[in-house]
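Asks: Mind having a look at this structure? Questions to follow.
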Amino acid sequence: MSGTPRGDYAKAFAAAQSDPATFWADKAEGIDWIKRWDRVIDDTRKPFYRWFAGGVLNTCYNCVDRHVERGRADQLALVFDSPLAGTQRKISYRELQVLTARCAGALLAMGVKKGDTVVIYMPMVPEAVVAMLACARIGAVHSVVFGGFAAPELAKRVVDARPAAMISASCGLLPGRSVPYKPLLDEALQIAGVPHTPCLILQRPQLQASMLPGRDIDWDEAMARATPADCVPVAATDPLYVIYTSGTTGKPKGVVRDNGGHAVALRWSMEAVYGTQPGDVYWAASDVGWVVGHSYIVYGPLLQGCTTILYEGKPVGTPDAGAFWRLCAEHKVNVLFTAPTAFRAIKKEDPSGALVKQYDLSKFRMLFLAGERGDPDTIEWAGKILGVPVIDNWWQTELGWPAISNCMGIEALPVRPGSPTKPVPGFDIHILDEDGREKAANDIGSLVIKLPLPPGGLTTLWNNDAGFVETYLERYPGYYLSGDAGYFDADGYGWVMARIDDIINVAGHRLSTGQMEEILSAHPAVAEAAVVGVVDALKGQVPVGLVVLKSGVTQSEAEICAELVAKVRAQLGAVADFKSVQVIARLPKTRSGKVLRVTIRSMADGEALKVPATIEDDSVLPEISAALHSLGYPRSDN
1 MSGTPRGDYA
11 KAFAAAQSDP
21 ATFWADKAEG
31 IDWIKRWDRV
41 IDDTRKPFYR
51 WFAGGVLNTC
61 YNCVDRHVER
71 GRADQLALVF
81 DSPLAGTQRK
91 ISYRELQVLT
101 ARCAGALLAM
111 GVKKGDTVVI
121 YMPMVPEAVV
131 AMLACARIGA
141 VHSVVFGGFA
151 APELAKRVVD
161 ARPAAMISAS
171 CGLLPGRSVP
181 YKPLLDEALQ
191 IAGVPHTPCL
201 ILQRPQLQAS
211 MLPGRDIDWD
221 EAMARATPAD
231 CVPVAATDPL
241 YVIYTSGTTG
251 KPKGVVRDNG
261 GHAVALRWSM
271 EAVYGTQPGD
281 VYWAASDVGW
291 VVGHSYIVYG
301 PLLQGCTTIL
311 YEGKPVGTPD
321 AGAFWRLCAE
331 HKVNVLFTAP
341 TAFRAIKKED
351 PSGALVKQYD
361 LSKFRMLFLA
371 GERGDPDTIE
381 WAGKILGVPV
391 IDNWWQTELG
401 WPAISNCMGI
411 EALPVRPGSP
421 TKPVPGFDIH
431 ILDEDGREKA
441 ANDIGSLVIK
451 LPLPPGGLTT
461 LWNNDAGFVE
471 TYLERYPGYY
481 LSGDAGYFDA
491 DGYGWVMARI
501 DDIINVAGHR
511 LSTGQMEEIL
521 SAHPAVAEAA
531 VVGVVDALKG
541 QVPVGLVVLK
551 SGVTQSEAEI
561 CAELVAKVRA
571 QLGAVADFKS
581 VQVIARLPKT
591 RSGKVLRVTI
601 RSMADGEALK
611 VPATIEDDSV
621 LPEISAALHS
631 LGYPRSDN
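In terms of the UniProt record's numbering, the sequence shown has 92 at position 92, counting the first letter as 1, and numbering is strictly consecutive.
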């Protein structure tokens with residue numbers, strides 16, 4: 001069947017380790033080049049490594065035009081499914097080529113040229129994908145900002161990216177309401193001091209935005225009069241996009257992705273990691289504003305010639321916890337990739353998985369989870385109700401594609417729930433102690449990657465080479481610092497437990513909050529759990545747990561909490577000093593579904609509350625404050 005493994009993991013990993021230049025030159029044959037490279041790895045400016053130096057290509061051509069030219073013109077490239085808008089739209093590769101060429105022409109007419117930046121601030125609509133590809137088509141560098149981000153946060157990204165143009169829409173959609181984007185865009189440009197930046201605006205039927213004459217250009221009108229633009233040759237080392245990730249200083253970090261290495265890595269990952277072939281239907285249930293949306297809604301599937309799904313909806317509530325299964329059945333999805341949070345939400349609403357039985361999932365082969373740690377309970381539950389392999393994988397915005405995963409297109413290894421399996425060929429991963437010494441098997445340490453990062457990883461930070469070195473390379477010279485803590489077991493399986501600052505020190509004992517969350521989540525009444533380390537005058541830090549219960553639980557909260565404390569103490573010992581756990585209705589999360597553990601910890605520590613820009617719904621914070629207060633911690637009502 002399509003996606004059947006075709007190799008030997010150990011052999012592939014060894015080949016990438018021993019001769020990375022030869023390994024990646026072979027993978028680069030999956031991409032069409034205008035001019036082949038002079039050097040596979042350019043190490044003349046260490047630590048600023050470059051892949052396929054001297055090579056020339058166009059990413060948009062590789063995503064769209066080549067499939068049209070080679071017999072896939074009528075295959076679906078993009079399926080848009082929006083229960084929020086009540087609409088669906090299916091776009092073939094031929095149609096996507098026409099739309100992208102016209103949008104590229106519209107950008108040229110606005111004065112955008114090769115090397116310029118374009119900030120895209122869009123909801124989950126096909127035009128967002130077209131805009132990204134159109135930028136790549138003319139060699140402009142796009143920076144997608146999650147739609148609905150607050151104006152000050154958008155302004156920070158505008159200041160840093162200095163765009164020649166903005167692309168936005170009149171609104172985004174949430175269940176039962178629209179979210180006006182245009183006022184946020186206007187305010188952001190004022191804050192950034194560039195109020196006259198040309199703006200291309202998609203007017204959605206749910207809400208019409210007011211337009212500023214002389215600055216704002218209507219999407220439909222611009223597309224109608226645009227002269228289609230051809231693909232522009234760009235250097236493999238030229239930037240394709242900048243994606244911002246939150247910085248500890250409050251200044252967002254602009255992760256830079258190149259054209260050549262990115263195209264090679266993303267296409268190969270679709271084959272090697274996700275086990276897909278051209279023509280497969282692939283759905284990444286994420287957002288184009290996040291790295292998963294860049295890599296696996298847009299570039300990865302289209303580079304591989306797959307059909308990609310663009311979903312404007314939620315895992316629950318649009319209309320129910322069967323939303324994912326309806327979409328998988330209706331569009332014959334082969335591979336689904338989403339965050340564990342989505343499945344925990346589904347599990348909470350439909351703990352028995354009854355809704356799965358209402359849909360024909362005969363085409364569905366695999367489920368991949370990433371974005372935060374996949375707890376064993378969620379992985380086992382998903383596998384039980386779906387009857388397909390459930391594959392955890394670990395990576396980051398900076399890396400661009402999975403670094404630890406079960407490579408289902410090479411060799412399907414036995415799954416160990418809680419572990420994303422083994423390093424993907426091309427990633428040389430180590431676990432180091434604070435002094436840079438290699439940790440023994442099963443010992444938690446800092447997860448680092450030996451340089452050079454493989455193709456597809458960040459090349460630097462936008463206009464901030466010094467920040468790139470300081471943030472990622474200074475701590476362990478010769479290695480990339482992931483910021484995550486983990487270990488390898490005796491069989492070489494990787495276990496990513498937490499961010500480094502979520503390894504807590506309880507009376508001199510280093511303990512993983514991830515392990516504690518794993519224990520809490522295994523309780524049959526618990527849907528989700530978060531554990532943070534809180535400052536303690538006697539022991540340095542002590543763990544505090546917050547849990548969300550599944551629907552229909554009849555056992556008392558007091559009994560559940562007592563059982564949870566007992567389970568942690570039984571499995572980790574009294575040294576964990578786990579005594580405090582509270583039931584809450586929901587956890588604070590980012591819009592991409594990550595639990596805001598740092599926010600919970602700062603609230604418990606009584607620090608001044610700074611609401612993160614990425615928070616999905618800040619109305620949850622008073623409940624968190626009340627829960628922590630009931631455990632004896634100060635209120636964080638400020």
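Where a beta carbon is used, it is the ideal one built from N, C-alpha and C, also for glycine.
Output the residue ranges of the alpha helix (DSSP H) runs that lie fully inside the region 418-483 and measure 4 residues or longer, sorted by chain position.
Replies: 465-468
Asks: Under 8 Å: do the region 515-528 and the region 340-349 share three or more Cβ pairs, one atom per stretch?
Replies: yes
Asks: If I'm right that LYS27 touches TRP268 with Cβ under 8 Å, what's the distance once you round it to whole angstroms?
Replies: Going by Cβ atoms, the distance from LYS27 to TRP268 rounds to 4 Å, so yes, they are a contact pair.
Asks: Along the alpha helix (DSSP H) that carries HIS262, what are the first and last residues, could you check?
Replies: 260-272
Asks: At the level of alpha carbons, what is the spacing between ASP605 and ILE504?
Replies: When rounded, the separation of the alpha-carbon atoms in ASP605 and ILE504 is 14 Å.
Asks: Can you tell me whether DSSP reads ARG45 as helix, strand or coil?
Replies: coil
Asks: Please report the straight-line C-alpha distance between LEU200 and PRO83, rounded to a whole angstrom.
Replies: 25 Å
Asks: Can you find the residues in the same chain that come closer than 7 Å, C-beta to C-beta, to GLY456, ignoring five residues on each side of it along the sequence?
Replies: GLY261, HIS262, ALA265, LEU266, GLY400 and TRP401
Asks: In angstroms, rounded to a whole number, what distance separates the CA positions of residue 661 and CYS135?
Replies: This structure cannot settle anything about residue 661, because the visible part of the chain is limited to 1 through 638.
Asks: Taking the beta carbon of ARG45 as the centre, do at least 16 other beta carbons fall within 10 Å, making it buried, or is it exposed?
Replies: exposed
Asks: What alpha helix (DSSP H) runs, 4 residues minimum, are completely inside the region 44-78?
Replies: 66-69
Asks: How should LYS610 be labelled, buried or exposed, when 16 other C-beta atoms within 10 angstroms of its C-beta is the threshold for buried?
Replies: exposed
Asks: Do you know how far the Cα of SER446 is from the Cα of TYR487?
Replies: Spanning the two alpha carbons is a distance of roughly 8 Å.
Asks: May I have the straight-line CA-CA distance separating ASP218 from GLY593, to the nearest angstrom?
Replies: Roughly 32 Å separates the two Cα atoms.
Asks: Ignore the nearest five residues each way along the sequence and tell me which others in GLU330's own chain have a CB closer than 6 Å to its CB.
Replies: Around GLU330: no qualifying Cβ.
Asks: Going by C-alpha distance, which of TRP462, TRP24 and ALA608 is nearest ARG162?
Replies: TRP462
Asks: Can you tell me which of the three DSSP states ARG89 falls into?
Replies: strand
Asks: Taking the straight line between their C-alpha atoms, what separation do you get for THR249 and PHE364?
Replies: For THR249, the predicted structure reports a pLDDT of 49, less than 50, and the residue's modelled location is therefore unreliable. The matter cannot be settled from this model.
Asks: On the DSSP letters alone, give me the boundaries of the beta strand (DSSP E) that TRP283 sits inside.
Replies: 281-284
Asks: Just to confirm the assignment, what range does the alpha helix (DSSP H) spanning THR245 have?
Replies: That residue, THR245, is in no alpha helix (DSSP H); its beta strand (DSSP E) goes 239-245.
Asks: Using DSSP's beta-bridge definition, name the partner residues of GLY533.
Replies: PRO543
Asks: Have a look at ALA15 and GLY7 and give me their C-alpha separation to the nearest angstrom.
Replies: 12 Å
Asks: Applying the 10 Å Cβ sphere with the 16-neighbour rule, what's the burial state of residue 647?
Replies: An answer regarding residue 647 cannot be provided, because it is not within the stretch 1 to 638 covered by the chain.
Asks: Is the beta carbon of THR471 less than 8 Å from the beta carbon of LYS156?
Replies: no
Asks: Within this structure, are the beta carbons of ARG601 and VAL534 separated by less than 8 Å?
Replies: The answer is yes: Cβ separation under 8 Å.
Asks: Using a 10 Å radius around the Cβ and a threshold of 16 neighbouring Cβ atoms, would you call ASP360 buried or exposed?
Replies: exposed
Asks: In this structure, how does DSSP classify TYR633 when only helix, strand and coil are distinguished?
Replies: In the structure shown, TYR633 sits in coil (DSSP, three-state: anything other than H, G, I, E or B).
Asks: Between which two residues does the beta strand (DSSP E) holding ASP216 run?
Replies: Where ASP216 is concerned, the enclosing beta strand (DSSP E) stretches over 216-218.
Asks: Using 8 Å as the cut-off, can you tell me whether the region 95-105 makes contact with the region 54-69, which would need three or more C-beta pairs spanning the two stretches below that distance?
Replies: yes
Asks: Going by DSSP, what residue range makes up the alpha helix (DSSP H) through GLY514?
Replies: 513-521
Asks: Can you tell me whether DSSP reads CYS231 as helix, strand or coil?
Replies: coil
Asks: Flag this pair as yes or no: are the beta carbons of PRO123 and GLY172 separated by less than 8 Å?
Replies: yes
Asks: Residue range of the alpha helix (DSSP H) that GLN571 falls in?
Replies: For GLN571, the uninterrupted alpha helix (DSSP H) segment begins and ends at 557-572.
Asks: To test your reading of the DSSP string, which unbroken alpha helix (DSSP H) runs of 4 or more residues are found completely within the region 7-45?
Replies: 9-18 and 20-27
Asks: DSSP on PRO180, reduced to helix/strand/coil?
Replies: strand
Asks: From this set, ARG102, PRO228, LEU564 and LYS35, which residue's C-alpha is nearest PRO56's C-alpha?
Replies: For the sequence presented, residue 56 should be read as Val rather than Pro. Here the closest residue by C-alpha is LYS35.
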